[in-house]
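Numbering (mature numbering (1 follows the signal peptide of the UniProt record, and there is no 0)), first residue to last: -21 to -1, 1 to 255.
The structure appears below as structure tokens.
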Amino acid sequence: MKRVTAVCLLALALAACKKEATPPPAADAPATPGTTLPAPVATDDGAVELKEVVETTPNYVVGITYDTQAAKYPGLARELKRFADGARAELVESANGRTAKENPSPYELSLTFNDVLDSPEMVAVSADGSSYTGGAHAAPLIARFVWLPKQNKLLKANELVPQKAGWDAISRYVREQLHSALSQRIDADDPEPAVRAEQMETGARMIDDGTGADAANFAMFEPIKAADGKLSGLKFVFAPYEVGPYSDGTQMVEVPAAVLLPHVAPEYRALFVGGV
């Protein structure tokens, strides 16, 4: 299933990031001590201000909150601000392009960034909110940013697991968990057998469409920290509509390191429990 507009904002933000020229590492750049990760690359360390945004006009209302320490990582801060600015620009354009007759209520955007993990090896920030531009309900605004401070770069799903075989395995595991959760939700309502069969068929189709063995379907993930500081696994995040109807909300599936490790790129294996 194609990702909804909210998630596409993240793709646009990351695509813009790719266009920025990044100088190659110096030939004599030392390896980072205590890890097999690639050596850091030089980047522009100019500070980025992550300032709360509150706007109220007759056409739109915007509230953006940065409840995060990401400003100490300029590259990550730029990614967060790019995502927020893009969401705001899209809302404002839509609001200014409509007429009061079409929709008398102001359009609304609410977005909050929170820290998920902040360690020397890895930083993760969540973005959760919504954008209302008319209709029955607001569109979800959901993104996840995983940053490698020592490499000054975002960690992307297709770099973490570079081979399709890896996504085949992850897809199977995630589907099993989502199918089980779907069954439990339906059974909780105790529907008639025919209704249950129809709901299971429809729900299973949405799950399978949204979890095909493609890194793009698993672009949003959060690291799960173990007691020793390494990662015990990853939590993959699916926005409403991706693997279920809007009423099911955001769905998450935790995939343990044991499932991931055989497929993780060698340079990132040391980040996980059991990695070398």
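Where a beta carbon is used, it is the ideal one built from N, C-alpha and C, also for glycine.
These numbers were taken from a predicted model, which means no experiment stands behind them.
- Task: Answer yes or no: do Gly108 and Leu96 have a C-beta to C-beta separation smaller than 7 Å?
- Result: Against a cut-off of 7 Å, the Cβ pair of Leu96 and Gly108 comes out as no contact.
- Task: Would you mind reading off the limits of the beta strand (DSSP E) that contains Ser109?
- Result: That run of the beta strand (DSSP E) goes 102 to 111.
- Indicate whether the contact test is met: 3 or more Cβ pairs, each with one atom in the stretch 118 to 138 and one in the stretch 184 to 198, closer than 8 Å. With a cut-off of 8 Å, the stretch 184 to 198 and the stretch 118 to 138 count as touching, because enough Cβ pairs lie within range.
- Message: Counting C-beta neighbours from all protein chains within 10 Å, is the total for Leu250 16 or more, i.e. buried, or is it exposed?
- Response: Burial call: buried.
- Query: Nearest CA to the CA of Glu58: which residue from Pro202, Val104, Ser159, Thr181?
  - Reply: When only C-alpha atoms are compared, the closest one is Val104.
- Message: Three or more C-beta pairs under 8 Å: does that hold for the stretch 144 to 154 against the stretch 120 to 129?
- Response: In short, these stretches do not touch, since the Cβ pair count stays below three.
- Item | CA nearest to the CA of Glu34, picked from Val102, Val71, Asp168, Gln178 | Closest by C-alpha distance to Glu34, out of Val102, Val71, Asp168, Gln178, is Val71.
- Helix, strand or coil for Lys60, going by three-state DSSP, please let me know. Helix.
- Message: Here's a check: name, in chain order, each residue in its chain whose Cβ is nearer than 6 Å to the Cβ of Gln156, leaving out the five neighbours to either side.
- Response: Around Gln156: Val232.
- Item | Whole-number beta carbon distance between Tyr45 and Glu31, since they are thought to touch under 8 Å | Going by Cβ atoms, the distance from Glu31 to Tyr45 rounds to 6 Å, so yes, they are a contact pair.
- Message: I need the straight-line Cα distance from Asp142 to Pro245, nearest angstrom please.
- Response: According to the sequence shown, residue 142 is Gln rather than Asp. Cα-Cα distance, rounded: 12 Å.
- How far does the beta strand (DSSP E) with Gly182 in it reach, from first residue to last? Going by DSSP, Gly182 is part of no beta strand (DSSP E) but of the alpha helix (DSSP H) stretching over 172 to 189.
- Query: Thinking just about the alpha-carbon of each residue, which of Ile203, Phe124, Ala66 is nearest to the one in Val252?
  - Reply: Answer by Cα proximity: Ile203.
- Can you have a look at His116 and say buried or exposed, based on whether 16 or more other CB atoms are within 10 angstroms of its CB? When all chains shown are included, His116 counts as exposed.
- Item | Pick from Arg61, Ser89, Gly182 that is closest to Ser162, judged by C-alpha positions | Residue Gly182 is the option with its Cα nearest to Ser162.
- Quick one: what does DSSP say Glu72 is sitting in, helix, strand or coil? In the three-state reduction of the DSSP assignment, Glu72 falls in the helix class.
- Message: Excluding the 5 residues flanking Pro235 on each side, which residues of the same chain have their C-beta closer than 8 Å to its C-beta?
- Response: Taken in chain order, the residues that qualify are Ser211, Gly212.
- Pairwise C-alpha distance: Leu88 and Thr78: Whole-angstrom Cα-Cα distance: 18 Å.
- Quick one: grab the DSSP three-state call for Glu221. Reduced to three states, the DSSP call for Glu221 is coil.
- Query: Does DSSP put Gln156 in a helix, in a strand, or in coil?
  - Reply: If DSSP states are grouped into helix, strand and coil, Gln156 belongs with the helices.
- Task: Could you check if Thr112 is buried or exposed, using at least 16 other CB atoms within 10 Å of its CB as the buried criterion?
- Result: Thr112 should be labelled buried.
- Query: Looking only at C-alpha atoms, which of Ala63, Tyr39, Asp227 sits nearest to Ser84?
  - Reply: From the listed residues Ala63, Tyr39, Asp227, the smallest Cα separation to Ser84 is found for Tyr39.
- Rounded to the nearest angstrom, how far is the Cβ of Val222 from that of Thr190, given a contact under 8 Å? In this structure Val222 is in contact with Thr190, their Cβ atoms being roughly 6 Å apart against a cut-off of 8 Å.
- Residue span of the beta strand (DSSP E) that contains Ala244, given as start and end: That residue, Ala244, is in no beta strand (DSSP E); it is neither H nor E in DSSP.
- Message: So, for Thr47: in the same chain, excluding its five sequence neighbours on each side, which residues have a beta-carbon less than 8 Å away from its beta-carbon?
- Response: The residues are Leu29, Leu59, Phe92, Asn93, Asp94, Val104.
- Message: Closest to Ala26 by C-alpha separation, out of Thr36, Val125, Tyr247, Ala49, would be which residue?
- Response: Ranked by Cα distance from Ala26, the first of Thr36, Val125, Tyr247, Ala49 is Ala49.
- In this structure, does DSSP put Gly254 in helix, strand or coil? Correct three-state label for Gly254: coil.
- Item | Close-in-space but distant-in-sequence residues of the same chain around Ala198 (CB under 6 Å, 5 per side omitted) | The answer, listed in chain order, is Ala136.
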